[in-house]
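Participant: Quick one: this structure, given as structure tokens, is what I'll be asking you about.
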Amino acid sequence: MEAFLITAGHIDGHEAEALDPGRIEPETFGPASGPVDAGDLNFDAFDLDGDGTVDSRVVHSDDAVVIVSDFDRDGSADRLTMIESDGDYSAWECSRDDEGALVWQKIDAGAL
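For the sequence shown, UniProt numbering assigns the number 1 to the initial residue and increments by one for each residue that follows.
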């Protein structure tokens with residue numbers, strides 16, 4: 001049996017197309033949105049969790065400012081924070097369900 005590494009964009013030998021964070025629509029983003037491309041963390045990025053490794057960047061979509069974080073550096077976002085122009089915000093964290101499917105869970109939301 002051939003082994004493989006499961007990353008946010010790779011499940012059961014099939015590549016999932018990652019969502020461009022610049023195209024995220026806060027109203028439609030949800031648990032089944034799939035992998036999100038973390039992009040180039042070597043350019044215009046910062047260390048959000050303070051561990052000394054650059055892991056996050058800010059992306060401007062049509063509908064929101066999106067903070068994309070890739071804490072495990074696999075190329076796919078582990079956490080997203082979206083701030084909409086009206087001040088509404090939501091924070092999402094990525095995990096896998098019991099069947100191995102990628103699921104986004106809302107961990108915080110509100111208004112600024």
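Glycine included, C-beta positions come from ideal geometry on N, C-alpha and C.
Opposite S33 in the DSSP bridges: which residues?
Facilitator: The residue given as residue 33 occupies position 33 in the sequence shown. DSSP, once it has assigned bridges, lists no residue as partnering S33.
Participant: Taking Cβ to Cβ, would you say S76 is nearer than 8 Å to S56?
Facilitator: Mapped onto the sequence shown, residue 76 falls at position 76. Mapped onto the sequence shown, residue 56 falls at position 56. In this structure, S56 does not lie closer than 8 Å to S76 by Cβ.
Participant: In three-state DSSP terms, what is G22?
Facilitator: Here the question's residue 22 lines up with position 22 in the sequence shown. Residue state, collapsed to three classes: helix.
Participant: Under 8 Å between the Cβ atoms of I107 and E93?
Facilitator: Here the question's residue 107 lines up with position 107 in the sequence shown. Here the question's residue 93 lines up with position 93 in the sequence shown. In this structure, E93 lies closer than 8 Å to I107 by Cβ.
Participant: Using 8 Å as the cut-off, can you tell me whether the region 28-43 makes contact with the region 94-106, which would need three or more C-beta pairs spanning the two stretches below that distance?
Facilitator: Judged by Cβ distances under 8 Å, the region 28-43 makes contact with the region 94-106, as three or more pairs qualify.
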